[in-house]
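Trainee: Below are the structure tokens for one structure; questions will follow.
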Amino acid sequence: MINSGARGNISNYVQLAGMRGLMANNTKTTKADAKNDRVVRSTVEVPVKSSFIEGLTAFEFYSSTHGARKGLTDTALNTAKSGYLTRRLVDVAQNIVVRQADCGSEYGYLARNIVDTKTKQIIVPLKERIVGRFSNKPIYDKNNNLICERNVLFTNKLAQKIIEAGITEVEIRSILGCNTRNGVCKVCFGKDLATNRIVNIGEAVGIIAAQSIGEPGTQLTMRTFHTGGVAGVEDITGGFTRLIELIDAHDQPW
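Each residue of the sequence shown is one higher than the last, beginning at 368 in the working numbering.
What follows is the structure, encoded as structure tokens:
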């Protein structure tokens, strides 16, 4: 069932046939283990050793109500927070509209592979990052042959050519360096991901970006509900609360 993707994940089946494990305790605060880049949740001292197939003892059942309640309260509280986050992002970004064709900015952004620092796995490859964007500087291969000029749109074909030439970083036009007043220009923004064409003047790209960040936020809050309150060492980037911390620029120890 897991392998086919029909229902559930490994955590659900471990609880059904293995053991429920440690339960999350919502009354105690979390500890930040900055050295290992994670957050350690406080737990109920005694683990639940039974599985759902065997059935839980009275004490284990009581113990697991801690975690179950945490799942419900998290979902109820964070759904409201998530809607508020979307609203704040929209309020900030609503006046960012595509105003002109090209602002002529010289400032670019260096794009390279996004790599997980711990596992060294590539999260987002360079090719995926540059397709649909414009080049900020001419790109040459190792033999000094010109691959593409400045202000050229990266197609799939061109991006593949750049990767095959062994280039690991590319300077692209970015809205972070756009000179357009009260908005952005077409060349700095690049392709509209919805239509797969270069963005039109008048497109409200700020609101689209804000809603694109807010929408998965709602789904992240639902995810806490599905584990049934089982404690685990969460990654420091864990879920929705971390997203809010980043946007609000919290004073965190990590």
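Glycine included, C-beta positions come from ideal geometry on N, C-alpha and C.
Once the 5 residues before and after Arg466 are set aside, which same chain residues still bring their CB inside 6 angstroms of it?
Mentor: Only Thr547 and Gly550 meet the Cβ criterion.
Trainee: How long is the line joining the alpha carbons of Met386 and Lys416, rounded to whole angstroms?
Mentor: Cα-Cα distance, rounded: 5 angstroms.
Trainee: Which residue comes first and which comes last in the alpha helix (DSSP H) that contains Arg466?
Mentor: Premise fails: Arg466 lies in the beta strand (DSSP E), Val464 to Gln467, not in any alpha helix (DSSP H).
Trainee: Which runs of the alpha helix (DSSP H), 4 residues or longer, sit entirely within the region 486-540?
Mentor: Qualifying alpha helix (DSSP H) stretches, in chain order: 493-497 and 523-531.
Trainee: Taking the alpha-carbon of Gly475 as reference, which of Gly569, Phe501, Tyr507 and Gly438 has the nearest alpha-carbon?
Mentor: It is Phe501 whose Cα lies nearest to the Cα of Gly475.
Trainee: To the nearest angstrom, report how far apart Thr562 and Leu493 are at their CA atoms.
Mentor: Cα-Cα distance, rounded: 22 angstroms.
Trainee: Whole angstroms is fine: what's the gap from Ile377's alpha carbon to Leu520's?
Mentor: Each residue's alpha carbon lies about 43 angstroms from the other.
Trainee: Straight-line CA distance for Gly544 to Leu444?
Mentor: In a straight line, the C-alpha of Gly544 is about 38 angstroms away from that of Leu444.
Trainee: For the ligand ATP, I want to know if Asn546 counts as a neighbour, meaning its beta carbon is within less than 7 angstroms of at least one of the ligand's heavy atoms.
Mentor: Ligands displayed in this structure: none; no statement on the ligand ATP is therefore possible.
Trainee: Whose C-beta lies closer than 8 angstroms to the C-beta of Glu536 among residues of the same chain, with five residues either side of it excluded?
Mentor: Cβ neighbours of Glu536 beyond the five flanking positions: Leu477, Ala478, Arg479 and Leu493.
Trainee: When you compare each of Ala616, Asn518 and Asn462 to Gly569 by their alpha carbons, which one comes out closest?
Mentor: The shortest C-alpha separation from Gly569 is found at Asn462.
Trainee: Buried or exposed: Lys524, going by 16 or more other Cβ atoms within 10 Å of its Cβ?
Mentor: Lys524 should be labelled exposed.
Trainee: Decide if Gln382 is buried, meaning its Cβ has at least 16 other Cβ atoms within 10 Å, or exposed.
Mentor: That one is buried.
Trainee: Looking at C-alpha atoms only, which residue of Gly422, Ala391, Glu531 and Gln488 is the closest neighbour of Pro414?
Mentor: Of the listed residues, the one whose Cα sits closest to Pro414 is Ala391.
Trainee: Which same chain residues end up closer than 7 angstroms to Ile369 when comparing Cβ atoms and leaving out the 5 residues on each side of it in sequence?
Mentor: Result list for Ile369: Gly375, Asn376, Ile377 and Tyr380, in chain order.
Trainee: Could you give the DSSP three-state label for Arg564: helix, strand or coil?
Mentor: Note: Arg564 maps to strand in three-state DSSP.
Trainee: If you draw a straight line from the alpha carbon of Val491 to that of Val482, how long is it in whole angstroms?
Mentor: Between Val491 and Val482, the C-alpha separation is close to 7 angstroms.
Trainee: Could you round the C-beta distance between Lys504 and Glu531 to whole angstroms and report it? I think they count as a contact, below 8 angstroms.
Mentor: With 8 angstroms as the limit, Lys504 and Glu531 do not qualify as a contact, their Cβ atoms being about 19 angstroms apart.
Trainee: Grouping DSSP H, G and I as helix and E and B as strand, with all else coil, what is Lys448?
Mentor: DSSP places Lys448 in helix when its eight states are reduced to three.
Trainee: Is the beta carbon of Ile574 less than 8 angstroms from the beta carbon of Val457?
Mentor: Yes, Cβ-Cβ distance for Ile574 and Val457 is below 8 angstroms.
Trainee: Grab me the residues of Tyr507's own chain with a C-beta within less than 8 angstroms of its C-beta, minus the 5 sequence neighbours each way, in chain order.
Mentor: The answer, listed in chain order, is Leu513 and Ile514.
Trainee: CB-CB under 6 angstroms to Val411, same chain, minus the five flanking residues each way: which ones, in chain order?
Mentor: Excluding sequence neighbours, Val411 sits near Met390, Asn392, Ser430 and His433.
Trainee: What would DSSP say about Gly434, mapped onto helix, strand or coil?
Mentor: Residue state, collapsed to three classes: helix.
Trainee: So, does the CB of Gly584 fall closer than 8 angstroms to a CB anywhere in chain C?
Mentor: Judged by its chain identifiers, the structure shown contains no chain C, having just a single protein chain.
Trainee: Work out the CA separation of Lys553 and Glu427 for me, nearest whole Å.
Mentor: Taking the straight line joining both Cα atoms gives about 60 angstroms.
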